[in-house]
Amino acid sequence: MIRNTMLSAALSLAGLYVCGQAFAQDTTHIRIATEGAYAPWNYTLPDGTLAGYEIDLAEELCLRMKAQCEIVAQNWDGMLPALNAGKFDAIIASMGATPERAQVAAFSDPYSTAPNAFLALKGSGLAEALPWHDKFDLRDKAAGSKEIVGKLDAALKGKVLGIQGSTTAGKFVDEYLKDAVKVRSYKTQDEANLDLVAGRIDITMANITVLAEALKRPEMAVAELVGPTFVLASGTSVAFRKSDTALKDKFNAAIHEVNADGFNKALTEKWFGVDISVKN
């Protein structure tokens, strides 16, 4: 799921990116934040080690930039304010470059793209009510997408829909479905998935790669992907303070390299089973 950091908190610290020029642009020693709770993009092993697609990607980008990097876990809520406060230098955490985020941070060129999807319990009737499996892009095919949204609205009337807070999925639900569904917000997608299995919510929406990964777990065998998928952002990117132009340029060069030589394609296929890399 490409996600939407809590904008009110970010905007309250918007002045910090102006002051960000006070932070030295050291492009050889870089501190990178990730969530560590969004498998298979990034997650934390029992011993505390970070793993996942974005961890492998970050390490490769750092090698190509000839930089010494430290990757640290950071709660999703408040990531952008912490970046602008100088707690770290970059964010690699399945973050999409939305117009709202661009108000408080700079973003690299995208390194991957994947749509958001819905997950419901088998036998709930939602697979039959939401039989459309096409991918829609609300950014450049708005008319056709909004027609499908209307069908979603009717099919989900009165249902309880769970989303991870401060995400693009949450923004989508707030904009298009809030009059049809009762929304329940969670700190992590895993919490939403558990409540789905327990019957406390009827459906959840998140990045399709994250939902597909969750379905591999035995307890999730009672759930299935349903309905259409929606592209809600321009792709997954690295976030920086607006003043750190040199660092952004170095990351962009490395991202273009891993996309051009096939490294990123192979990495996405390893972690997701499909190629969601960006074509240069």
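For the sequence shown, the numbering used here assigns the number 32 to the initial residue and increments by one for each residue that follows. Glycine included, every Cβ here is placed at the ideal spot set by N, Cα and C.
May I ask you to report which of helix, strand or coil DSSP gives residue i?
i, result
"Thr-199", "helix"
"Ala-277", "helix"
"Ser-308", "strand"
"Glu-90", "helix"
"Lys-190", "coil"
"Leu-150", "strand"
"Asp-168", "strand"
"Val-241", "helix"
"Gly-127", "strand"
"Phe-282", "helix"
"Arg-231", "coil"
"Ala-145", "coil"
"Leu-81", "strand"
"Ala-291", "helix"
"Lys-209", "coil"
Using a threshold of 7 Å, is the CB atom of residue i nearer than that to any non-hydrogen atom of the ligand MN?
i, result
"Thr-80", "The model on display carries no ligand, and the ligand MN is accordingly not part of it."
Should residue i be labelled buried (16 or more other beta-carbon atoms within 10 Å of its own) or exposed?
i, result
"Arg-248", "exposed"
"Leu-76", "exposed"
"Asp-233", "buried"
"Ala-137", "buried"
"Lys-209", "exposed"
"Ser-39", "The predicted position of Ser-39 is uncertain, since its pLDDT is 41 and thus under 50; a value taken from the coordinates is nonetheless stated next. Burial call: exposed."
"Val-135", "buried"
"Gln-99", "exposed"
"Asn-224", "buried"
"Gly-154", "exposed"
"Asp-275", "buried"
"Leu-278", "buried"
"Lys-188", "exposed"
"Val-257", "buried"
"Gly-201", "buried"
In the DSSP assignment, find the unbroken alpha helix (DSSP H) run with residue i in it and report its ends.
i, result
"Phe-303", "294-303"
"Glu-101", "Careful: Glu-101 lies outside any alpha helix (DSSP H), inside the beta strand (DSSP E) at 99-104."
"Val-228", "220-228"
"Leu-161", "That residue, Leu-161, is in no alpha helix (DSSP H); it is neither H nor E in DSSP."
By the DSSP assignment, the beta strand (DSSP E) with residue i in it spans what residues?
i, result
"Arg-248", "Arg-248 -> no beta strand (DSSP E), and no H or E assigned at all."
"Val-269", "267-271"
"Val-214", "213-217"
"Leu-111", "Careful: Leu-111 lies outside any beta strand (DSSP E), inside the alpha helix (DSSP H) at 110-115."
"Glu-255", "254-262"
If distances are taken between C-alpha atoms only, which option among the options comes closest to residue i?
i, options, result
"Glu-178", "Asp-87, Phe-261 and Glu-288", "Phe-261"
"Pro-162", "Asp-168, Phe-149 and Glu-101", "Phe-149"
"Lys-190", "Glu-66, Gly-201, Ala-211 and Lys-118", "Ala-211"
"Trp-107", "Glu-300, Ala-68 and Val-241", "Ala-68"
"Asp-184", "Pro-259, Val-241, Thr-198 and Leu-92", "Pro-259"
"Ala-245", "Ala-200, Asp-306, Ala-70 and Lys-273", "Ala-70"
"Leu-263", "Ala-113, Ala-243, Asp-168 and Pro-130", "Asp-168"
"Gly-127", "Gly-230, Ser-265 and Val-103", "Ser-265"
What are the residues that DSSP puts in a beta bridge with residue i?
i, result
"Asn-73", "Tyr-69"
"Ala-137", "Phe-271"
"Ala-121", "Ile-63"
"Thr-236", "The sequence as given places Met at residue 236; Thr does not occur at that position. Paired residue(s): Phe-149."
Counting only beta-carbon separations shorter than 8 Å, does residue i have a partner in chain C?
i, result
"Ala-237", "In the displayed structure, chain C is absent; only one protein chain is listed."
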